[in-house]
Each structure stands twice: as structure tokens, then as C-alpha cells.
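**Q** Just passing along the structure, written as C-alpha cells.
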Amino acid sequence: MNKAEPLVSRYSHEDYKSTVKPIWCPGCGHFGVETSLFRALAYLELPPEQVAIISGIGCSSRIPAYTQCYGFHGVHGRAPAVATGLKLARPELTVIVTSGDGDAFSIGGNHFIHACRRNVDMTLLVMDNEVYGMTKGQPSPTSPADWDSKIAPGGTGFSPFASLAVALASGANFIARGFSGDPNGVARLLVEAIQHPGFSFVQVLSPCVTYRPEERFWKKTVHPSSVESTNDPAVAGHRLLSDDGFTTGVFYVGNRPCYSATVDTSNHDLRAIEEDLAL
Amino acid sequence: MNQTISTLDAFLAHAHELEREAVERYEDLAGQMEVHNKPELAELFRKMAAIEQQHVDKVEGLAGGEPRTLAPWDYQWQDPESPESIPVGQGHYRMNPYQALSLVLACEERAEAFFANVAENADDPAVRESALQFAAEEREHAELLKVWLARYPEPKAEWWQDLDDPVSQE
Amino acid sequence: MNVPCSQTQATSIAIMGSGGAGAITTGSLLLEAAGQAGWYGLLTRSVGPQIRGGEALAMVRLAPTPVTGHGDRYDVLVALDWHNAGRFIAEIPLNDKSLIFADAEGGDPPSAILATGAHLIPLPFTDLADELPNARPNLLALGMLSELLGIPMDDTVQAVVRALSGKGLSVTHATDALAAGGQLATTFPDTQRLAPPSPRDTGTHWLVTGNQAAALGALRGGIRFAAVYPITPATDLSEWLALRLQKLGGHLIQAEDEIASMNMVLGASFGGIPSMTITSGPGLALMTETLGLAVAAEIPSVVVNVMRGGPSTGIPTKSEQSDLNIALYGLHGDAPHLVLAAQSVTDCLVTTQWAVQLSETLQCPAIVLSDQFMGQALTVCERPAPLPDGPPRRIAEVGAARYDRYALTEDGISPMAIPGALGGQYTADGLEHNAHGTPSSSAADHLLQLDKRRLKLEQYDYGKAWAEIDGEGETAVLTWGSTTAAVLEAAAQARTAGLAVKVIALRLLSPTRPEHMTLALQGIQRVLVVEQSHSAQFHHFLRAHYTLPDRVEVISRPGPLPIRPGEVLNHLLQEIDHE
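Residue numbers (the working numbering), protein chains in the order written: chain S, 1 to 279; chain R, 1001 to 1170; chain A, 2001 to 2579.
What follows is the structure in C-alpha cells.
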């Protein structure tokens, strides 16, 4: 962390937390992610009004209203597009997309890929619980192929979506995985993700206690990466494709070119443009 | 892992963050219980938050103000989270006071263990003395909680069962 | 604002050709030359399905007064060749007064063309071009037309030089080719000469397409961010806008699809920047979910929808008014929003600018309906005057006090906080919410917010611009969009024939204006509805929302053939007994 340590941070948890109480089930991993987000923002001393949290649909996407930042709770899967519009229009804001595995990888899969590819400076935080919670336990793109559910008895038979590898191949500039049971570890990943230019993708394994109670044991399964992050996509790609999906840490820190824009609304002089049309 | 907290400043910073995070988590849990229509548990967690807030104030008194904060991941906890916080993933909307108090008791015991460990490994006598005091206090709390706990029945078998299905939202 | 030109004053010229013959270029150069010389005019096009080298038809109408639509008949058809000409027969009505100038090397005309009774005059465009350096048959045709119509050759030369100078054509060569073409026409009687134009100052008139006009209207309205996905016939609007936005300090981005486009627009507008997207029917269908969000979260946003033949891929290169229903009713839930329709090429500018103003003022998405006919029509017109500024987006003054994003106000408009402003933090939410913005599923909050969102649109004073009303009488023609041109022309002719006709052309389709319509329909005994839709979408819309007199007749047919003035006129002059 290249930040001079303050005596006392100007901001704390309370500065980011709104009075709206989450509707998540007690025990949900998302509470840990929320904590991580607030700790990261406080560490970075980002004024809440300079932060915009953009989301789509699903349990994870309820986060914006639980914060004291500017929030946008939009339609299913499209948050990366909303965030792109906002960041291009208002580059000085810190833009964070909060999403889930269904929102980001299924209905929003195309936007996920293209947000990675555009590499606009923002952070995508996906709370991955391998299930649809808001609609009562359907398989998500990251559910194991044999996970039994009402809608897909015996399992879907589909291979899970390798989100980090897809992000790498698509052009994301920072790729990491965390676990909600380690809020400080996730806070650290978020700080790095927010600070790193371009599109940062942080997957946080976040157990669903209602539809996937067995995920409580993820705390025994996750293990920190034993190697340093790399800026070599080939190395990162090999690691990600041979990983068991439970390694936490930073996999890729790239220096791919970012897409940015500025929008100035002050010029109302259309004369030159109109003269071009004159006969 | 042994604690490597070598100065009183660092110790107070840890003690402060430990208590502050305990308040934060108890408040969160109180909110969760309110949302899930468990007023009794909400009150319990609020009460715990208030108690831990007194500890925050006490540390600030000792430190002569708010101690300096470290990066969240730079605190020397033995677990992913600070010892006096109920870990993420604990708690259930059907839990009873016995279970809630058991979670609280575990916090006090972890806190005691943390402070004891700091005391044991401290070279600085001031740190050792302070840590021992904190450890003793946490032990007292733990004993008190055991008394409280005895007043509540243990949960019935299959306490988590809910005859209604979960609700579809979006 | 749409002054109809009378049929007798206007001249219609069609130019067809294939495989690089340059029919469209010939038409646009002819229009530009005529515009330069003081005439008004309109050019639309029809093309085959090929990307390059297909058959193409340019339809030009020139007159001394503004031209907004095509007439009933073509006075002149120039055939650079006859390849696949059959495709266009239905689009170029000819009769025994029409003249056909065909390249002698261009093959035989289809029998259906000859059956019209038009007079066929073969001309040696190709042979002459072969004799001249750097000449092409279409330049000779243009020279011939210039001479035939009485457009000063200097203006034609200038137009050609301007357009083709970058393509290696010298002034001398161009002049020689045009002169040689002109020479061909000197032997013809001067029956096709254009009625003389009125003198005009330079710089007062434009050569512009409807899509360009819409883009300019958006810029005048303050749009500085656009996110788009390519789709015919809207793409040229986006392309034209991209460079102009850049010059003004704005930004246009091509998104991965229409859904992303609309969501990017909401993101940018949430950030305080007036924003728009541009699409056509299938793209609008993809955007509708997000438009519902814009309604619920009250985010200003503009969609210009350039209609084409539908449903599905339909006829992407040709016009139809069949996206009316999706624009009006395509949103899920009870989602009051703005729907506006341009009536002509120049009105694309006015209506789009107004849509931006209304959307910003009312914090509501606005759909502007244009169509392929207007969007891709090139016109010589007077520079449209800018609209007076509308009330800007109401920005919240935030600070220490509690801020309620969706506060219930007298006019339903609640001041909007913009990210960055301390104390204004809120979550724009597609979930139903209370006044503060907190998600709420309570019946009371739902009703309050539904009422608020409807009220702000219904209570607003839209003034006279909701419709263009022309004339008086007991007969009214109700229409919208690009068919307005044919209706206005037909009404003018009907008046000449002794039938008093009132034209009501709707610009604001949603919210509806029942009181205004009742007033406009006072004393009307007979209504004729004119629209270009197979299922009579506009007629059903009028029936659903307005009280019409007992006698209602309908001209409703699909694209791509335009509704022509004569068709409307004949209908008006028919006495149909509906008893």
C-alpha cells in the first residue's frame, strides 16, 4: 500500500453505512463483503459523495441503498454499462459495480466481457455464491454441473463459468479473488483494485446460507495464493486455468491501455457545426 | 501465531480497533435481527454494542484520544477477523438467545485469549500490564455471560426448521 | 411550419442505376445545385439489398417553396441503366406526361415502365462519356438535367467540384462533361423548366438530412453524451453526431448492444450530463426494459428511434410508421413517458431539441420517432430557428438537511442531486421506493410514486407545439410523422377544389392532450386518419385516448411505399357513406 498512514482516518465505517438495513439472511457472506467495502473506502479516505456504487439485480445488487454513497440500482445484468456511462461522463468519481454471479456472468455476461475489454477505470465486485438467491435457489453460471435444484433436477450438466479466466482473456487490468469470511483480506483486494487504473475485477466467494448451506465450509476450503501476482497474462492465464477456484489473492495486475473520456458541457457554440450545413 | 505488538501505542490501536469492530458487528447483527423480527435478539445485540462502546471509550481515555488507525489488514489478529467480533457467516434468523449468547461468549473468550497472548509475548512492561488488565476484564465478561447463558434454554432439536418456504423477491 | 408546395409548382425527378452508376450521387448533386441556385428540394433513396454495386434509385423533388414530401407522379426519370429496375417500379409512378431519359447503352426498359405511357428518350450518356476525359455517364445525365430543369450550369459545376474534387476530378473535366450533357437537352422543349425561385441570402439555407437535423437538435438541446449501437437507418445519425460531439467537448461511444447503450445513457445522465441514444425498432425493443428503469428512477434520457419496416429485421432500408405501439406501450408496468414525433426533415431538429428539453425538465425518458423517409432524406431548407431554452434539469440544493430524491412536489418534479454533491447521496432505484428513495413495496408508496410520475407529465404546459394545426373546416385529417407532408399537400389541393380541410398533425404523442384535442376537433364532422402502418396503430391510439366525431375514415397501409398526396386527396373528395 503506497499510502502515508494517517494518525486517524478521516472516514470510518459509519460514514459509508446508510440507515437502510439489509434484507440479506443472517449469516449471509454479503455482510462481510459490505464490511470490506466500507473498510476499503475508509482506508482510501474517499468522500462518500465522490463514490458511486452501481448495481443490477440480485441479493448482491442491494448494496447501493445500504451505503451513504451515490447509488444506482438498475436492471438485471447491465450495471457495468451504467457504470461505463457514468465514469465516461464523470471521470473524477470513483465508480464501483457490485454484482453477483447470475447478474454479472449470466444475464450480464456480454457486458462483463465488454467492460473488461474497454478497460474503463472502475471496479467490478462480484459476490459469487454460485446460486440465484432472490428467485429461490436456481443454478447460476458458477454452480457446479451436478448441483441439484428444482429447476435442474440432478444438475444442469453445464460447466461452471471461469470468470477470472474470462476476465483475463477479455482485457481486464486487475484480477483477484477473495473470501467474504476474510473481510480485511477482501478490503485489501478492493483497495488495490480501486487504486489500479482500468477495469478491476474482484470475485468474492460469499456463501449463501439459505440455498447453499454447504458453502459455510468454504472457510475451510479457501487458501491464499502462494505466489505473487503477475503482469504477464500468459502466466496469470495458466494459473487461473489450473486453479481449484478457491485460491484467494491477486492473480493479474496489468498495464493494458485504459479507455477514458471527458465530457464538457460548457460549450454551447454550435456556429461552426451549423455553418457546415449551409449551402 | 504470537503477537508482535511491541509498543503501547500499537497495543492501544489494536485494543481500540478490536472493541470498535465488536460494536460494528453487534450493531449489524442487531439490525439483522430487527429485519428478521427477532426483537429480543436485536435488543441483546444492541446491549452488547453499548457495552463494547464503553470499552472503545475506555481505550480512547487511556490513549488520550482516538489511537491511530492501521490498514485493516495490518492488525495482528490470529483469525481473519478481530477476536471480539462474531465472525461473518455466524448467526441465523431462527436462532434463540442461548445461541446468540454462545456466540457472544465465544467473542469474549477469543478477546481474552488475544490479550493474554499479547501479554505473554510483550517485551514492554507497559504493554504487558495493559494487556493483562484487558484480558482480566474479558474473562470477567465471559464469566458473567456464562451466568446469563444458564438462564436460557438450549435450542430444541431442528431449531432451524421453518415450515414456510423462503420467499422469492426479484 | 410545414408550408406545402403545390403540385403544379414542383418537379419530381427520379434517377436510377446500378453497379456504381452513381444514381444517388447524381441526385444529391442535382439537389445541391438547385439549392445553391435558390430552389428548395428533397431527395430520398431506395436501394437494393447489396452492400456495394446494387441497384439504386434517387428520388428528387424540386420547387421554389419548401418541399417536405414527394408528389404523386414523376415528371422525369433518368435511367443510367435498367438492371433490376423492376424493383423500383412501384416507387416511381409515371404517366403519359412523364419523360424517361435512358442511357442508350443501358439495355431495354421493363415493359411495366413502358406501360405507363411515359415518353422514352434514349440518350448517349455512355458513348459521350467515353469520348471525354475523366467523364462518367452520370455526370452527363446531371448536365442534361441541369439544362432541362433550368438550373444554372455554374451552380451544378460548383456542386460537382465540391463533391468530387477529392476524387481526382478536375474542374475542366467536370465542366466539359456537364456541358456535354447539357448540350443533349438543348434540343428538348423547355416544358420541364423549374418554376423560378425567390431570391435568398447566402447562408440562410441548409443542405441537411433528417438524421443530421435530429443530431443537431440534440446538440442544441444540450446533449453531450451518447451511447449507440449501429442499426439501419439510424447509424448515419450516430456517425454524424460522433464527430460533432467530439468538437463540442462531448463524447459518443459505440456500446456492445442496444441494452448497454441505453444503460450507459442512464449512467451518464445520472452523472448530470444530458445523454441520448439512437436506434431503430429492434434496438428500441431491446431498450424497453431500461426505459422502464428511467421512468421509475426518473432519469432524463432521449432515444431517437428512426423507424423502418418491421417487425423483426423487416425492411431495414425503408420507411414505416409501425413502431408507434412499442414507443407508446412497449414499457412494462405503468410507465408514463414522453413520446414525440418529428414531422419533416427540419422538424427532426425541432422535435429532438424539444424532446431533450422536456426530458431534462421532467426527468423522464423521451422517445423521438423519426423514420427512414425523413432520417435519410436530404433536403434544402431554411435554417430552423433554435427553440427558446426550456427549463433546465432541476438540481437539488443539498447540504446538511435530509434529502428526499423522490419528494412529492406540487408539479411532481423533484430536484435531482448529482453525484459529487455532498449531502445529496441517494440511490437511483428501479425498485419502487418512498420519497427518500428507499425501496418500498407498500401500496401507499407505490400509488404516491405512480401518481407523481404521471402528474409531472400531465400537468406540464406543453404549449401549442403538441400538434401542428393547419386550416379550418368541418373535415379534419389526423396524422403524424412523415405522412404529414402528403397530408398537408393534399389538404391544400382539397381547399383549391372547394373542400375546407383542417390538418392536425400530432407532435406530442405521449402524454396525450385530450383537452387540446377536443378543442381542435370542435365543429369537426368528419375525420380522416392517415398513417403508414398495416394495423392502423395511430387510429387505434386515437380511438383509445381521444373522442373523435362519429364519422372516421382511415388510410392506413404499411410501408415502404410512401403515402402520396393524391391518395389522401382522392379520399377526401370521395363522399363515402358510413351509415
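The beta carbon of each residue, even a glycine, is placed where N, CA and C say it ideally should be. All of these numbers come straight from a predicted model, not from anything done at the bench.
1. Between the alpha carbons of THR2547 of chain A and VAL2554 of chain A, how many angstroms are there, rounded?
2. By DSSP's criteria, ILE54 of chain S is part of a beta bridge. Which residues make up the other side?
3. Apart from the five residues on each side of it in sequence, which residues of its chain come closer than 6 Å, Cβ to Cβ, to ALA2037 of chain A?
4. Taking just the CA atoms, how far does ILE23 of chain S sit from VAL1167 of chain R?
5. Can you list, in chain order, the residues of its chain whose CB lies under 6 Å from that of THR2512 of chain A, leaving out five sequence neighbours each side?
6. Mind checking which residues open and close the alpha helix (DSSP H) that includes TYR16 of chain S?
7. Considering only residues of the stretch 2106 to 2146 of chain A, which uninterrupted beta strand (DSSP E) runs meet the minimum length of 3 residues and lie entirely inside it, listed in chain order?
8. Note down, in chain order, every chain R residue with its Cβ under 8 Å from the Cβ of PRO47 of chain S.
9. Suppose the cutoff is 7 Å on Cβ atoms and the five residues either side in sequence are ignored; what does the same chain contact list for ALA1126 of chain R look like?
10. Distance, Cα to Cα, GLY2314 of chain A vs SER2280 of chain A?
11. Drop a sphere of 10 angstroms on the beta-carbon of TRP1160 of chain R, count the other beta-carbons inside from all chains shown, and report buried for 16 or more, exposed for fewer.
12. Spell out a yes or no on whether the stretch 1100 to 1108 of chain R and the stretch 1064 to 1072 of chain R are touching, meaning 3 or more CB-CB pairs, one atom from each, closer than 8 Å.
13. Sort S:LEU124, S:ALA42, S:ARG90, S:ARG256 by Cα distance to ARG78 of chain S and report the nearest one.
14. Determine the closest residue to THR19 of chain S out of S:CYS69, S:GLU45, S:GLY29, with distance taken between C-alpha atoms.
15. Whole angstroms are fine: how far does the CA of LEU1029 of chain R sit from the CA of ARG1151 of chain R?
16. Beta-carbon within less than 6 Å of GLY2330 of chain A's beta-carbon, same chain only, minus the 5 sequence neighbours each way: which residues are those?
17. Looking at CYS208 of chain S: is its Cβ nearer than 9 Å to the Cβ of VAL131 of chain S?
18. Which word fits THR35 of chain S, buried or exposed, when buried means at least 16 other C-beta atoms lie within 10 angstroms of its C-beta?
19. Which ranges would you report for the beta strand (DSSP E) in the stretch 2525 to 2564 of chain A if only whole runs of at least 3 residues count?
20. From this set, A:VAL2530, A:GLN2192, A:HIS2337, which residue's C-alpha is nearest ARG2453 of chain A's C-alpha?
21. Quick check: what's the CA-CA separation for ASN2002 of chain A versus SER2482 of chain A?
22. Less than 6 Å between C-beta atoms, sequence neighbours within five positions excluded: which residues of the same chain meet that for ASN2 of chain S?
23. Are ALA2396 of chain A and SER2414 of chain A closer than 9 Å when you measure CB to CB?
24. Just the chain S side, please: which residues come within less than 7 Å of ASP1028 of chain R by C-beta, in chain order?
25. Give the interface partners of GLY2041 of chain A over in chain S, defined as CB-CB distance under 8 Å, in chain order.
26. Does the distance from the CB of ARG2073 of chain A to the CB of LEU2094 of chain A come in under 9 Å?
27. What residues from the stretch 1030 to 1046 of chain R come within 8 Å of chain S, judged by C-beta to C-beta, listed N to C?
28. Quick one: what's got a C-beta closer than 7 Å to LEU1145 of chain R's C-beta in the same chain, skipping five residues either side?
29. Give the straight-line distance between the Cα atoms of VAL2302 of chain A and GLN2212 of chain A, rounded to the nearest whole angstrom.
30. Relative to the alpha-carbon of SER2046 of chain A, which residue among A:GLU2489, A:SER2165, A:GLN2372, A:LEU2488 has its alpha-carbon at the smallest distance?
31. Considering Cα atoms alone, identify which of S:PHE161, S:ALA52, S:PRO144 is closest to PHE112 of chain S.
32. Please state whether DSSP places ASP232 of chain S in a helix, a strand or coil.
33. Just the Cα atoms here: how many angstroms apart are ARG2224 of chain A and ASP2389 of chain A?
34. Does the structure place the stretch 170 to 183 of chain S close enough to the stretch 113 to 121 of chain S that three or more beta carbon pairs sit under 8 Å?
35. If I measure Cβ to Cβ from SER2359 of chain A and keep anything under 7 Å in the same chain, skipping five residues before and after, which residues do I get?
36. Round the Cβ separation of GLY2019 of chain A and HIS2083 of chain A to the nearest angstrom and send it over; I've been treating them as touching at under 8 Å.
**A** Reading from the atomic positions:
1. Here residue 2547 of chain A is taken as the residue at index 547 of the third sequence, counted from 1. Here residue 2554 of chain A is taken as the residue at index 554 of the third sequence, counted from 1. Near 15 Å, if we compare the C-alpha coordinates of VAL2554 of chain A and THR2547 of chain A.
2. As a working mapping, residue 54 of chain S is identified with position 54 in the first sequence. The partner list for ILE54 of chain S (beta bridge, DSSP) reads S:PHE72, S:VAL97.
3. The count along the third sequence starts at 1 and reaches residue 2037 of chain A at position 37. Correct list, in chain order: ILE2151, PRO2152, ASP2155.
4. In the second sequence, the residue the question calls residue 1167 of chain R occupies position 167. In the first sequence, the residue the question calls residue 23 of chain S occupies position 23. C-alpha separation (whole angstroms): 12 Å.
5. Against the third sequence, residue 2512 of chain A aligns to sequence position 512. So the list reads HIS2545, once near-sequence residues are dropped.
6. Residue 16 of chain S sits at position 16 when you count from the first residue of the first sequence. TYR16 of chain S: member of the alpha helix (DSSP H) spanning 13 to 16, first to last residue.
7. Complete beta strand (DSSP E) runs here, min 3: 2119 to 2123.
8. Taking the first sequence and counting its residues from 1, one reaches residue 47 of chain S at position 47. Near PRO47 of chain S there are no residues of chain R at all, since even the closest Cβ is about 17 Å away, more than 8 Å.
9. Within the second sequence, the letter at position 126 stands for residue 1126 of chain R. The answer, listed in chain order, is LEU1008.
10. The residue given as residue 2314 of chain A occupies position 314 in the third sequence. The residue given as residue 2280 of chain A occupies position 280 in the third sequence. Looking at the two C-alpha atoms, the distance is approximately 11 Å.
11. Position 160 of the second sequence, counting from 1, holds the residue named residue 1160 of chain R. The residue in question, TRP1160 of chain R, is exposed, as its Cβ has fewer than 16 Cβ neighbours within 10 Å.
12. Contact between the stretch 1100 to 1108 of chain R and the stretch 1064 to 1072 of chain R is absent, with fewer than three C-beta pairs closer than 8 Å.
13. The count along the first sequence starts at 1 and reaches residue 78 of chain S at position 78. Measuring from the Cα of ARG78 of chain S, the nearest candidate turns out to be S:LEU124.
14. What you label residue 19 of chain S is simply residue 19 of the first sequence in a count that begins at 1. When each option's Cα is compared against that of THR19 of chain S, the closest is S:CYS69.
15. Here residue 1151 of chain R corresponds to residue number 151 of the second sequence, with the count starting at 1. Here residue 1029 of chain R corresponds to residue number 29 of the second sequence, with the count starting at 1. Straight through space, the alpha carbons of LEU1029 of chain R and ARG1151 of chain R are spaced by roughly 22 Å.
16. Residue mapping note: residue 2330 of chain A aligns to position 330 of the third sequence, counting from 1. So the qualifying residues of the chain are THR2288.
17. Translated into the one-based positions of the first sequence, residue 208 of chain S becomes position 208. Translated into the one-based positions of the first sequence, residue 131 of chain S becomes position 131. Yes, the Cβ-Cβ distance between CYS208 of chain S and VAL131 of chain S is below 9 Å.
18. Here residue 35 of chain S refers to the residue found at position 35 of the first sequence. With 16 or more other Cβ atoms within 10 Å, it is buried.
19. You should have 2526 to 2531, 2551 to 2556.
20. Your numbering for residue 2453 of chain A matches position 453 in the third sequence. Nearest of A:VAL2530, A:GLN2192, A:HIS2337 to ARG2453 of chain A, Cα basis: A:HIS2337.
21. Position 2 of the third sequence, counted from the start, is the residue given in the question as residue 2002 of chain A. Position 482 of the third sequence, counted from the start, is the residue given in the question as residue 2482 of chain A. Annotation note: pLDDT 42 at ASN2002 of chain A (below 50); position unreliable, no value reported.
22. In the first sequence, residue 2 of chain S corresponds to position 2, counting from 1. Low local confidence applies: a pLDDT of 48 at ASN2 of chain S is under 50, so the model's placement there is unreliable, with the coordinate-based value given in what follows. Here the set comprises nothing.
23. Here the question's residue 2396 of chain A lines up with position 396 in the third sequence. Here the question's residue 2414 of chain A lines up with position 414 in the third sequence. Cβ atoms of ALA2396 of chain A and SER2414 of chain A: closer than 9 Å.
24. Translated into positions along the second sequence, residue 1028 of chain R becomes position 28. Those are PHE31, listed as they occur along chain S.
25. Within the third sequence, the letter at position 41 stands for residue 2041 of chain A. In chain order: nothing, as chain S lies at least about 11 Å away.
26. For the purposes of this step, residue 2073 of chain A is identified with residue 73 of the third sequence, where counting begins at 1. For the purposes of this step, residue 2094 of chain A is identified with residue 94 of the third sequence, where counting begins at 1. Cβ distance < 9 Å, so ARG2073 of chain A and LEU2094 of chain A count as in contact.
27. GLY1031, GLN1032, MET1033, GLU1034, VAL1035, HIS1036
28. As a working mapping, residue 1145 of chain R is identified with position 145 in the second sequence. Counting only Cβ-Cβ distances below 7 Å, and skipping sequence neighbours, we find LEU1101, VAL1104, LEU1105, GLU1108.
29. As a first step, residue 2302 of chain A must be located in the third sequence, where it is residue number 302. As a first step, residue 2212 of chain A must be located in the third sequence, where it is residue number 212. Each residue's alpha carbon lies about 16 Å from the other.
30. Here the question's residue 2046 of chain A lines up with position 46 in the third sequence. Ranking the options by Cα distance to SER2046 of chain A, first place goes to A:GLN2372.
31. The residue labelled residue 112 of chain S in the question sits at position 112 within the first sequence. If we check each option's Cα against that of PHE112 of chain S, S:PHE161 comes out closest.
32. Position 232 of the first sequence, counted from the start, is the residue given in the question as residue 232 of chain S. The answer is coil: DSSP assigns ASP232 of chain S none of H, G, I, E or B.
33. In the third sequence, counting from the first residue as 1, residue 2224 of chain A sits at position 224. In the third sequence, counting from the first residue as 1, residue 2389 of chain A sits at position 389. In a straight line, the C-alpha of ARG2224 of chain A is about 16 Å away from that of ASP2389 of chain A.
34. yes
35. Reading the third sequence from its first residue, position 359 is the one you call residue 2359 of chain A. Excluding residues within five positions, the ones whose Cβ falls inside 7 Å are PRO2300, SER2301, VAL2302, LEU2338, PRO2365, ALA2366.
36. In the third sequence, residue 2019 of chain A corresponds to position 19, counting from 1. In the third sequence, residue 2083 of chain A corresponds to position 83, counting from 1. Right, their Cβ atoms sit about 7 Å apart.
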